[in-house]
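**Student:** End of the sequence shown sits at 115 in the numbering used here; the numbers just go up one at a time, nothing left out.
The structure under discussion is supplied below as structure tokens; questions concerning it will follow.
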Amino acid sequence: MLVAHFGAVAAAFALSPSRWHYELLAQPRLFPAVSPKLRPEWLSVKVVEDLFELPVITADADGLWGVWLRMAGAEPLVPMRGPNMPNTHIMMEAATFG
Numbered sequence: 018m019l020v021a022h023f024g025a026v027a028a029a030f031a032l033s034p035s036r037w038h039y040e041l042l043a044q045p046r047l048f049p050a051v052s053p054k055l056r057p058e059w060l061s062v063k064v065v066e067d068l069f070e071l072p073v074i075t076a077d078a079d080g081l082w083g084v085w086l087r088m089a090g091a092e093p094l095v096p097m098r099g100p101n102m103p104n105t106h107i108m109m110e111a112a113t114f115g
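Set out below in structure tokens:
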């Protein structure tokens with residue numbers, strides 16, 4: 018079991034047997050984003066692995082970008098080339114303003 022303390026809030030993380038009661042607190046949505054100032058050659062993405070060649074803006078503070086890549090059929094062996102933002106809100110702002 019992993020216990021994390023965030024100020025006055027503590028959270029315990031464990032694989033929970035079905036007899037334990039739990040409540041889903043959040044279900045993050047994962048998606049890639051691009052700037053409206055997108056260069057036309059970036060539209061040539063045909064397979065997920067093509068994303069590794071682009072300056073993709075990510076928000077991966079919780080490590081879920083690797084999960085998304087695996088679910089899309091790619092192994093995240095190479096780091097993404099673009100900036101990694103601390104949260105999705107800032108990532109969307111960065112994409113919006115280029």
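In this text, a Cβ means the ideal position worked out from N, Cα and C, and glycines have one as well.
Express the C-alpha separation of tyrosine 39 and glutamate 110 in angstroms, rounding to a whole number.
**Tutor:** One C-alpha to the other measures close to 33 Å.
**Student:** In terms of residues, what are the limits of the alpha helix (DSSP H) holding leucine 86?
**Tutor:** Its alpha helix (DSSP H) spans residues 81-88.
**Student:** Using DSSP with H/G/I as helix, E/B as strand and the rest coil, what is alanine 112?
**Tutor:** Here alanine 112 sits in helix by DSSP.
**Student:** Less than 8 Å between the C-beta atoms of methionine 97 and valine 62, yes or no?
**Tutor:** In this structure, valine 62 does not lie closer than 8 Å to methionine 97 by Cβ.
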